[in-house]
Amino acid sequence: MKLIRADEMKEIDRRASSEYLIPSIVLMENAGLRTTEKIAELLDGVGGRNIIILVGRGNNGGDGLVVARHLLNAAARVNVFMCGEVGQLSPDARTNYEILARMTSRIYPLREETDLQYFIMSLLEADMVVDAIYGIGFRGSLGEFEARLAGLVNQSKCPLLAVDIPSGLEADTGRINGEAFKADYTVTFALPKLGMVLGKGRDYVGQLTVADISIPGALLLDEQIKLQMITEEMVKLHFQPRLRETHKGSYGHALIIGGSPGMSGAPVMASWAALRCGTGLVTLALPEKIMGAASVVPEVMSRGLPSTLTGAISGEACTIIENLLGTASVCAIGPGMSRYAEGNMVVRTVLEKAGIPVLIDADGLNALQSDVGILKDRQVPVVITPHPGEMSRLTKLSVEEIQNQRIEISRHYSVEWGVTIVLKGNNTIVALPGGQVFVNVTGNPGMATAGSGDVLSGIITGLIAQGLKPTDAAVAGVFLHGRAGDTAARQLGQRSITATDLIYSLPTVINELEMKAK
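Numbering-wise (the working numbering), the sequence shown opens with residue 2 and increments by one.
(1) Kindly indicate the opening and closing residues of the alpha helix (DSSP H) around S123.
(2) Can you tell me which of the three DSSP states N97 falls into?
(3) Should D45 be labelled buried (16 or more other beta-carbon atoms within 10 Å of its own) or exposed?
(4) Compare the C-alpha of G279 against each of P508, D14, I13 and name the closest.
(5) Evaluate T309 with the Cβ neighbour count: other Cβ atoms within 10 Å of its Cβ, from every protein chain shown; 16 or more gives buried, anything less gives exposed.
(6) Taking A219 as part of the beta strand (DSSP E), name the residues at either end of that continuous run.
(7) What residues in its chain sit with their C-beta under 7 Å from that of R412, if we drop five residues either side in the sequence?
(8) What is the rounded straight-line gap between the Cα of K470 and the Cα of A333?
(9) Does the Cβ-Cβ distance between F182 and A212 come in under 8 Å?
(10) Can you tell me whether R103 is buried or exposed, with buried defined as 16 or more other CB within 10 angstroms of its CB?
(11) Within the segment 388-468, note down every full beta strand (DSSP E) run reaching 3 residues or more, in order along the chain.
(12) Assuming G207 and A184 are in contact, meaning their beta carbons sit under 8 Å apart, how far apart are those beta carbons, in whole angstroms?
(13) Helix, strand or coil: which one does DSSP assign to V331?
(14) Using three-state DSSP, classify I511 as helix, strand or coil.
(15) According to the neighbour-count rule (16 or more other Cβ atoms, all chains shown, within 10 Å of its Cβ), is E9 buried or exposed?
(16) Is the segment 447-463 touching the segment 217-233, taking contact as three or more C-beta pairs under 8 Å?
(17) Between which residues of its own chain and A294 is the CB-CB distance below 6 Å, once the five residues before and five after are set aside?
(18) What number of angstroms, rounded off, separates the C-alpha of C84 from the C-alpha of V56?
(19) Taking S415 as the reference, give the member of L73, D14, D378, A485 with the closest Cα.
(20) Work out the CA separation of Q495 and L34 for me, nearest whole Å.
(21) DSSP puts H254 in a beta bridge; with which residues?
(22) Beta-carbon separation of A477 and L464 under 8 Å?
(23) Rounded to whole angstroms, how far is the Cβ of I40 from the Cβ of V81, which I believe are closer than 8 Å?
(24) Looking at the secondary structure, which residues open and close the alpha helix (DSSP H) in which F480 lies?
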């Protein structure tokens, strides 16, 4: 599903009116009607229900006025509180105000302290509050009085539904500066907004409904909108039930290279995850000094590599690695390699000699920090999976810069280097060389644990081994990884999740996707 920025949504609204001759007030009517339908669904009918509508002066307020009218027609008891002057209403909102004012006298000003008493009394009796103060054009922070309103509503036990977006939340960034309305439900229109899945957006939007307000589909499918939210619908297509006439060779051979003394678990977990997501064969290439670690997963084949004095993979291993590449269908390099002088030689060998897709993670990326140009013009697809610190070392940008512009920076370097970038973190970003960017919304803070990234690398590698395009494997892999984390959190709680819990959860998640793909 596409994700959209505020200016893109406004352009779609403009084109709906100018090119398709849909009056803006019709879109407002549809938005209000869809919101009313959701309220009726949530409250199991609205007849006799006490509902508060908070109305701003823009088109979002106009949506709220339409909601109030439809609720009145459905026999709800509606109190409308105006947070702006009637004379400041947008033209379409003013029209809907004039209609509503002929239907009810229960429209009250709510702009200063003296207006608060009746609002607070109404709040105590309300079955739901509807926030229609600010829409997707909001930037900055709520005014002092509006912030107080948000605090009162948030502290109450009354369910809060936001129209299009919670007031105080920035639609493009997910930032909240000070106070904001924390919705239990949000009905947004046409497409989800980027800020709903970034920053604090997911915490403030609550349960999200994307409502159709009859904007022509061609506008919503515009190829210029290059941001997408990863959904179950797009991922499940890659998990069709298996055919009977197959064997282990039908599901690929993953080669995973990594490990060093003290970090032998990283490549082991990557190998295990690759197996758990369905890879037919996995070979784990480790330094000879830690070969015993491979026995943790007996189904994994192993190969010892010459070691340096410190136990890392030696440059002398390059010939063996080249031979191993000839038998595999994908190679992942980097988990647990450690940082050392010969690491660059090993990673370069893989990039230069591989005739198969390559995934680079962890210390494999650190080995390239002074040689990042080698990523360009590769003849095989390359996926890199940095966390913000590793991305900082590759780009020479600060972690703060990267975190503040995760989408833009991922897209820029994906295009420049010609690789798929999986920038890990809250809302992992997948940027493709063609400029498309996918945002993941699965996962939880419990996944911030040692080895979680190694599991992700193994999942993506395993999906590539089974025949997915590396770009599709990256998108599906981050979704699968996050969903496994969510499954583990339901069973164990977030605080107790370990990386191996993610691996144990993979079969449940994959089975669910297969069942839905039938």
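C-beta: ideal position from N, C-alpha, C; glycine also.
The model shown is predicted, which means the values in this text are computed figures rather than measured ones.
This is what the structure gives:
(1) Looking at the DSSP string, the run of the alpha helix (DSSP H) that includes S123 is 117-126.
(2) helix
(3) Counting the other Cβ atoms within 10 Å of the Cβ of D45 gives fewer than 16, which makes it exposed.
(4) P508
(5) buried
(6) A219 -> not in any beta strand (DSSP E); alpha helix (DSSP H) instead, spanning 218-221.
(7) A432, G436, V438
(8) 15 Å
(9) The answer is no: Cβ separation not under 8 Å.
(10) So R103 ends up on the exposed side.
(11) 421-424, 430-432, 438-440
(12) 4 Å
(13) strand
(14) helix
(15) buried
(16) no
(17) S265, V269
(18) 6 Å
(19) Considering only L73, D14, D378, A485, the residue with the shortest C-alpha distance to S415 is D378.
(20) Between L34 and Q495, the C-alpha separation is close to 38 Å.
(21) L282
(22) For A477 and L464, yes; Cβs fall inside 8 Å.
(23) About 14 Å separates the two Cβ atoms, so there is no contact after all.
(24) F480 -> alpha helix (DSSP H) spans 471-493.
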